[in-house]
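The sequence shown begins at 48 in our numbering and counts up by one.
We put the CB at the ideal spot given by N, CA and C, even for glycine.
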Amino acid sequence: MQHTFLFRKHLSTLAGLVLAVLGATTSPLPAQDTITDTIDTATNGIIATPVIPVLQVKADQVSAQVSPMLYGLMTEEINFSYEGGLYGELVRNRTFKASTNAPVYWDKVGGAVISLDTNQPLNAALNVSLKLDTSKASKDSPVGIANSGYWGIAVRPNTTYHASFYAKGEHFDGPLTISLLHVDTNHPTLTYHTSDGSVTKGLEAGSTMPGVSATIPKISGDWQKYEVTLTTGDIQPSKDNQLVISTTKPGTFFNHHGTVWFQQVSLFPPTYNNRANGNRPDIMQLLADMHPKFLRLPGGNYLEGDYINERFDWKKTIGDVSQRPGHRSPWNYWSTDGFGLMEYLNWCEDLHMEPLLAVFAGYALKHDYIKPGPDLQPYVQDALDEIEYVSGDTNTIWGAQRAIDGHPAPFPLHYVEVGNEDWFDRSGTYDGRFAQFYDAIKGKYPQLQIISTIGNDRPESQRVQSRTPDLADEHYYRTQEQMEAQSHVYDTRSRTNQTKVFVGEWATRVGRPTPNMAGALGDAAWMCCMERNSDIVLLESYAPLFVNVSDLARGGSMQWPSDLIGYDALTSYGSPSYYAQVMFSTHHGDNVLATDSQDIPTHPWQPPQRTRNGVPQGERPAPQQIPSIFYDATRDSQSGTIYLKVVNRQDTAQTVHIQISGVASIEAQGTAIVLKADSPDDTNSIQEPTKIVPATESVDGLGTDFTREFPPYSITILELKAK
Ligand code: AHR
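Laid out in structure tokens, this is it:
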């Protein structure tokens with residue numbers, strides 16, 4: 048991209064005069080377009096002196112308070128976020144409901160015959176089972192079932208895994224051997240991990256594998272749950288592994304086919320905080336490092352479902368996992384709902400964040416909707432019950448159920464969102480649906496803040512009219528330039544609107560599967576805007592949060608690029624955008640300080656033309672000059688520390704003259720936290736997880752008036768000790 052820098056002509060006294068006038072305002076809007084002439088350095092012969100941009104921080108002018116809840120997370124089952132992601136479960140399609148045609152993601156071992164069987168349900172929820180014909184088993188040739196997990200099963204050294212399953216036999220009473228087997232991708236014969244670290248080839252009959260296999264000697268003729276632990280030895284960590292359940296015994300009676308049925312075959316590694324049915328520690332740690340304040344759950348489209356019967360029906364996602372039927376997610380894969388409402392809440396508790404509960408509001412993605420009125424009432428009641436489950440005392444019906452489910456203490460709850468992206472609802476019922484939910488929820492829980500899904504960025508006529516939502520949710524999926532172009536949008540938003548802003552989904556969508564440095568720069572420009580305007584922007588959450596990067600082909604592990612955190616079965620990493628968020632959410636004060644600037648460089652941008660079905664609509668928008676430097680300043684009212692954030696999106700270093708007024712002094716020594724890259728395309732990945740990470744350095748020569756050079760493609764937070 049061509050950059051145009053701003054130069055002030057030597058004799059431009061008129062421009063200097065305008066600068067003096069505009070410099071007196073406290074608006075952080077870039078004033079440079081009106082105060083200097085723009086000269087393309089490549090084509091213009093005029094001798095010019097580069098103008099050093101000036102950035103003023105007015106430490107005695109607090110323009111807003113930083114919302115204590117500003118930085119949060121948004122989540123849903125997309126891109127294998129839970130199953131195949133955060134959720135610890137290692138077995139894919141553990142309930143055999145991912146397809147009604149075949150036991151997908153299951154392999155047969157040896158001469159096994161396997162099939163789905165609806166005649167032997169475990170219960171009404173798990174109403175199908177996997178049938179294994181054992182009759183071909185022999186001492187030299189075991190038969191069984193094998194699962195390769197979500198693009199692999201991570202197996203680590205000296206680690207204990209918890210395997211469990213339901214089974215019943217007919218003319219078969221055991222034994223069953225449960226093993227973790229390494230699949231050598233060069234020689235795809237099954238191999239055993241052994242506790243001494245060596246690997247034995249072949250699925251050997253009757254082998255006993257200390258530590259990585261366990262045997263259940265007897266299988267009942269009725270459904271029963273079986274559990275074993277498998278502890279690895281000093282092996283190499285790998286993801287090329289299978290869970291295998293096998294037998295060498297054909298059956299109990301000669302001439303009868305031995306049969307064994309399975310349901311809910313599960314394998315768990317150690318989890319974060321050692322929670323049963325818990326989460327993957329590496330991904331949890333990445334999230335913990337973000338210090339999020341809230342979690343918007345459970346979606347997104349995942350809340351709504353394609354059809355009303357495919358919504359997130361929370362009552363079917365709680366209690367014993369074997370009683371959860373599961374459902375198809377709108378992102379086109381099966382969810383067992385092992386990761387249900389209580390698991391979301393435990394996740395919140397583990398990371399000291401609050402749930403921001405989105406309740407199903409009677410509208411599904413393929414335009415199914417429920418009219419406001421009596422038809423909607425059961426859904427309103429469901430939402431009231433859900434709020435009670437999350438936050439009610441144990442003397443309430445649903446609070447008591449929560450206690451039965453293992454958590455007597457209520458979870459903190461302050462925000463409830465009614466639906467998701469209801470601007471898609473062409474029936475025009477959102478106002479009525481919102482009002483019905485709003486009245487019922489406020490009637491019972493007046494302290495709750497109710498969020499509309501139609502943001503203040505939408506035309507007034509689309510927004511909720513009949514009630515005043517406490518907040519409204521705005522979504523921004525943008526290119527880098529679009530983010531930069533809108534980086535001052537909230538500076539001029541109404542301060543009198545009662546409805547505050549929740550930016551519930553946003554991302555600079557540059558880079559796949561995870562954003563690159565260009566994405567991080569766009570995000571940082573946008574975060575400066577949100578933080579600077581945190582008097583009206585009370586909450587924000589990037590989306591989507593997660594992506595399994597194992598299979599990026601269509602229909603694979605990713606439905607939506609660009610996503611903040613990537614992982615495969617074994618390892619995970621944060622994108623440059625992730626590190627930009629960590630920097631922002633962990634380095635800010637409670638006061639937003641007034642700022643001003645002059646001579647901020649800009650670059651040209653051609654906004655895209657609106658199209659419908661690929662056909663351009665209306666006139667091509669006029670090209671714009673948009674800023675190349677972004678900033679905001681906050682101060683910790685207790686310690687006095689000023690956090691000055693500066694984003695340089697240019698391909699050259701940028702010197703900035705920084706003036707801080709309203710303080711007696713700034714200590715000469717401070718700290719800079721810098722995220723930078725050599726190219727906007729640079730990124731992190733499974734192979735290079737920490738190519739771009741923030742570096743912290745001590746800085747000298749600070750004061751109330753200093754210059755600093757900001758590297759190309761960089762995000763910097765200066766911590767200034769003010770007195
Ligand atoms: O974040 C991906 C999707 O984008 C969300 O599910 C939906 O709310 C939005 O359209």
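query, result
"Cβ separation of Ala700 and Ala106, assumed to be a contact under 8 Å, to the nearest whole Å", "That pair is no contact at about 26 Å."
"Inter-residue Cα distance where the pair is Asn660 and Val694", "36 Å"
"Cβ shell of Pro77 (< 6 Å), same chain only, five flanking positions each side left out", "A caution first: Pro77 carries a pLDDT of 37, below 50, which makes its placement in the model unreliable, though a value can still be read off. Excluding sequence neighbours, Pro77 sits near Ile647 and Pro674."
"Spatial neighbours of Gly158 in its chain, beta-carbon cut-off 6 Å, leaving aside the 5 residues before and after", "Lys183 and Val190"
"Cβ-based neighbour list, Gln653, same chain, cut-off 7 Å, excluding 5 preceding and 5 following", "Pro670"
"Supposed contact pair Gly135 and Asn326 - C-beta distance, whole angstroms, cut 8 Å", "6 Å"
"Segment limits, beta strand (DSSP E) that includes Met564", "Counting along the chain, Met564 falls outside any beta strand (DSSP E), though it belongs to the alpha helix (DSSP H) covering Met564 to Arg579."
"Other residues of its chain near Leu403: CB distance less than 6 Å, five sequence neighbours each side excluded", "Phe341, Arg343 and Tyr462"
"Nearest candidate by alpha-carbon position, reference Gln685, set His635, Ile676, Lys692 and Thr718", "His635"
"C-beta atoms of Thr278 and Gly216 nearer than 8 Å", "no"
"Helix, strand or coil at Val710 [DSSP, three-state]", "coil"
"Best match in Val151, Gly602, Ala554 and Val584 for proximity to Val639 [C-alpha to C-alpha]", "Val584"
"Contained beta strand (DSSP E) runs [length at least 3] in the stretch 177 to 207, N- to C-terminal order", "190 to 194"
"Contact under 8 Å by Cβ, Ala627 with Leu749", "no"
"Buried/exposed call for Leu611, threshold 16 Cβ in 10 Å", "buried"
"CB of Arg371 within 8 Å of CB of Thr364, strictly", "yes"
"Residues bridged to Tyr273 (per DSSP)", "Phe212"
"Environment of Pro257 [buried if 16+ CB atoms lie within 10 Å]", "Confidence at Pro257 is low in this model, with a pLDDT of 43, below 50, so the placement of that residue is unreliable and no value is reported for it."
"Per DSSP, cross-strand counterpart(s) of Asn695", "Ile676 and Ser761"
"Cα-Cα separation between Thr546 and Ser382, rounded to whole angstroms", "35 Å"
"Endpoints, the beta strand (DSSP E) within which Trp553 is located", "Lys547 to Thr555"
"Where Lys186 falls, given that 16 or more other Cβ within 10 Å makes a residue buried", "exposed"
"Anticipated Cβ contact below 8 Å, Lys418 with Thr500, distance rounded", "Their Cβ separation, rounded to whole angstroms, is 18 Å, which puts Lys418 and Thr500 out of contact at 8 Å."
"Contacting residues, own chain, Cβ-Cβ under 6 Å from Arg510 (five flanking each side not counted)", "Ile501"
"Contact under 8 Å by Cβ, Glu531 with Arg696", "yes"
"Residue nearest to Thr702 in terms of C-alpha spacing, selected from Thr539, Ile713, Ile676 and Gly709", "Ile676"
"Own chain residues within Cβ distance below 7 Å of Gly479, not counting five before or after", "Pro419"
"Distance cut-off 7 Å: Gly502 Cβ against heavy atoms of the ligand AHR", "no"
"Boundaries (first-last residue) of the beta strand (DSSP E) holding Arg520", "The identity of residue 520 in the sequence shown is Asp, whereas the question assumes Arg. That run of the beta strand (DSSP E) goes Leu518 to Arg525."
"C-alpha distance - Gly387 paired with Trp361, whole-angstrom precision", "7 Å"
"Contact test: Trp553 Cβ vs the ligand AHR heavy atom, cutoff 7 Å", "no"
"Between the CA atoms of Thr763 and Ser738 - distance to the nearest angstrom", "The sequence as given places Lys at residue 738; Ser does not occur at that position. The alpha-carbon atoms of Lys738 and Thr763 are separated by roughly 17 Å."
"Segment contact flag, the stretch 722 to 732 with the stretch 556 to 569, C-beta cutoff 8 Å, min 3 pairs", "yes"
"DSSP bridge partner residues for Ser376 (one or two, in chain order)", "Answer is none; Ser376 lacks a bridge partner."
"Which listed residue (Glu124, Ser474 and Asp637) has its alpha carbon closest to that of Arg579", "Asp637"
"Separation of Gly453 from Ile434, as counted between CA atoms", "17 Å"
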